[in-house]
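Asks:
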Amino acid sequence: MGADGGSGQVNSTDYISFNASPIDHNDNHKKKKKNALVFTYGTLKRGFSNHVLLQDMISSGDAAYLGICRSAERLPLVCGPYRVPFLLNIQGFGDHVWGELYSVSPGALARMDELEGISRGHYERLPIRLIQEDASASDGLIWAEAYYAHRSYADDLWKRNMEIGYSCYSKEEAKGYIRRKDRPQHLSFLEQIRIFVSSTSNISSQQQQQEEEESSED
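If you count the sequence shown from 1, position 161 lands on 164 in the numbering used here, and the numbers rise without skipping.
Structural data, given as structure tokens:
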């Protein structure tokens, strides 16, 4: 995730109907919402700027770290404005993306949705199939959810990155990342994305690297 912002997914709410019958506490426990599995690939990972949110949720018992995973399918992982990471829901392109898997409570999931701007069209939370570190597909796949770049701009973001993606958002890819508080405050995040994808004057760092590698081979 990118953790800087998709259409939001609203979880169903359990409604209690009041009647004269005594409450069955065991049955009520069964209806309790389960924790969600969330795959983080960007600034929510350990060692990155937004991990403080997960640390807080882990401290309160609302989240738990489950390990390192990679996407079962190839997916583009790119950087947008201010080196913000975005996973794109364009299967078959890019690479198998590495990240961290967490179990989060419904309340914690709501906090993550807010951080990722789900209701504002920044990211959208969608299913993803994962393979655990040091495991193969034959060992079984894990279904989780991830925060993808919103579909309204994902294709343009892929083209803006010259259709070149990363397999991991590491400290190297994060160089130049600008925290939200230090970005222009008179522009919304979506406006910043639109400016970025419409800009053709700046060559992406990925294209620069590719050109340097090609020139060194000549």
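We put the beta carbon where it would ideally sit given N, CA and C, even for glycine.
In the segment 73-99, which residue ranges form an unbroken beta strand (DSSP E) of at least 3 residues, counting only runs that do not cross its ends?
Replies: Those beta strand (DSSP E) runs which fall completely within the segment 73-99 and span 3+ residues are 80-82, 88-90.
Asks: Quick check on R128: does DSSP put it in helix, strand or coil?
Replies: On the sequence shown, position 125 is the one that residue 128 refers to. If DSSP states are grouped into helix, strand and coil, R128 belongs with the strands.
Asks: Just reading off the beta strand (DSSP E) that L40 is part of, what are its end residues?
Replies: Looking up residue 40 in the sequence shown gives position 37. It spans 39-43 - the beta strand (DSSP E) in which L40 sits, taken as one unbroken run.
Asks: Could you say which of Q58, D185, R86 lies nearest to S106 if we only look at CA atoms?
Replies: For the purposes of this step, residue 106 is identified with residue 103 of the sequence shown, where counting begins at 1. When each option's Cα is compared against that of S106, the closest is Q58.
Asks: Taking a contact to mean a Cβ-Cβ separation below 8 angstroms, would you say N92 touches Y151 in this structure?
Replies: In the sequence shown, residue 92 corresponds to position 89, counting from 1. In the sequence shown, residue 151 corresponds to position 148, counting from 1. Their beta carbons are under 8 angstroms apart, which means N92 touches Y151 by this criterion.
Asks: Here's the rule I'm using: 16 or more other beta-carbon atoms within 10 Å means buried, otherwise exposed. How should P130 be labelled?
Replies: Translated into the one-based positions of the sequence shown, residue 130 becomes position 127. Looking at its Cβ environment, which holds fewer than 16 other Cβ atoms inside 10 Å, P130 is exposed.
Asks: Which first and last residues belong to the beta strand (DSSP E) in which Y110 is found?
Replies: Residue mapping note: residue 110 aligns to position 107 of the sequence shown, counting from 1. Residue 110 is actually Gly in this sequence, not Tyr. Per DSSP, G110 belongs to no beta strand (DSSP E); it is in the alpha helix (DSSP H), 109-118.
Asks: Going by DSSP, what residue range makes up the beta strand (DSSP E) through A157?
Replies: Residue 157 sits at position 154 when you count from the first residue of the sequence shown. Per DSSP, A157 belongs to no beta strand (DSSP E); it is in the alpha helix (DSSP H), 157-163.
Asks: Residues bridged to I71 by DSSP?
Replies: Stepping through the sequence shown from its first residue, residue 71 is reached at position 68. Partner(s): E103.
Asks: Determine the closest residue to Y68 out of G97, S108, L90, with distance taken between C-alpha atoms.
Replies: On the sequence shown, position 65 is the one that residue 68 refers to. Cα-wise, what sits closest to Y68 is S108.
Asks: So I145 is in the beta strand (DSSP E); what residue range does that whole segment cover?
Replies: On the sequence shown, residue 145 is found 142 positions in, with the first residue counted as 1. Note, I145: beta strand (DSSP E), 145-152.
Asks: Let me check understanding here. Comparing Cα to Cα, which of L47, G110, I134, I61 lies closest to K36?
Replies: Here residue 36 refers to the residue found at position 33 when the sequence shown is read from its first residue. The shortest C-alpha separation from K36 is found at G110.
Asks: Does DSSP put A140 in a helix, in a strand, or in coil?
Replies: One-based indexing of the sequence shown puts residue 140 at position 137. Helix.
Asks: Does the count of Cβ pairs from the segment 86-102 and the segment 38-47 closer than 8 angstroms reach three?
Replies: Yes, the segment 86-102 touches the segment 38-47.
Asks: Report yes or no: do the segment 160-168 and the segment 118-134 share at least 3 C-beta pairs separated by less than 8 angstroms?
Replies: Contact between the segment 160-168 and the segment 118-134 is absent, because fewer than three Cβ pairs lie under 8 angstroms.
Asks: Taking the alpha helix (DSSP H) that E194 belongs to, which residues open and close that run?
Replies: Stepping through the sequence shown from its first residue, residue 194 is reached at position 191. Per DSSP, E194 belongs to the alpha helix (DSSP H) from 192-201.
Asks: Just confirm the distance between the C-beta atoms of Q195 and R183, as a whole number of angstroms; I'd bet it's less than 8 angstroms.
Replies: As a position in the sequence shown, residue 195 is number 192, starting the count at 1. As a position in the sequence shown, residue 183 is number 180, starting the count at 1. At roughly 10 angstroms, the Cβ-Cβ gap does not stay under 8 angstroms, so Q195 and R183 are not in contact.
Asks: What is the DSSP secondary structure of Q222, reduced to helix, strand or coil?
Replies: Nothing in the structure corresponds to residue 222, since the chain is present only between 4 and 221.
Asks: Specify the secondary structure class of K48 as computed by DSSP and reduced to three states.
Replies: Looking up residue 48 in the sequence shown gives position 45. Residue state, collapsed to three classes: coil.
Asks: Pop quiz: R128 and E148 are said to be a contact at Cβ under 8 angstroms. What is the actual Cβ separation, rounded to whole angstroms?
Replies: On the sequence shown, position 125 is the one that residue 128 refers to. On the sequence shown, position 145 is the one that residue 148 refers to. That pair is a contact at about 5 angstroms.
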